[in-house]
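Visitor:
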């Protein structure tokens with residue numbers, strides 16, 4: 103998968119997270135959990151954008167590793183939002199699947215990068 107496609111997926115995911123955050127704040131009066139999800143969910147794409155101009159292979163691996171951590175953290179917040187009733191099953195399923203896809207992609211990038219180091 104090309105770097106551009108991965109960054110586009112991460113950007114589109116961040117847009118979904120921002121919209122989810124706006125909905126949760128405006129309509130469900132939830133600020134704390136959704137803010138955490140907003141931070142981690144938007145950080146994924148930002149870190150991938152940074153990795154484009156990494157100073158070295160090690161720097162690239164580090165930035166993608168942090169993006170993976172943020173993606174995993176986002177999964178946690180999404181599950182917590184669902185468990186506490188702020189996200190309905192259908193809302194959760196859709197965005198959670200996108201986050202899981204990003205995790206799988208990032209894991210694959212890291213495995214390949216480490217192998218080719």
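Numbering (our numbering), first residue to last: 103 to 219.
Here a beta-carbon is modelled for each residue, glycine too, at the ideal position from N, C-alpha and C.
Can you give me the Cβ contacts of residue 212 inside the same chain, cut-off strictly under 7 Å, excluding the 5 residues immediately before and after it?
Guide: Same-chain partners within the cutoff: 163, 166, 167, 170.
Visitor: Give a yes or no on contact between the segment 134–145 and the segment 177–195, applying the rule of three or more CB pairs nearer than 8 Å.
Guide: As far as the Cβ criterion goes, the segment 134–145 touches the segment 177–195, which means the pair count is three or higher.
Visitor: For residue 108, which option in 219, 218, 215, 203 has the closest C-alpha, if you only look at C-alpha atoms?
Guide: Looking at the Cα atoms, 203 is the closest of the given residues.
Visitor: Could you spell out the range, first to last residue, of the alpha helix (DSSP H) harbouring residue 153?
Guide: 134–153 is the span of the alpha helix (DSSP H), which, as asked, contains residue 153.
Visitor: Look at residue 198 and residue 126 and say whether their C-beta atoms are less than 7 Å apart.
Guide: No, they are not a contact pair.
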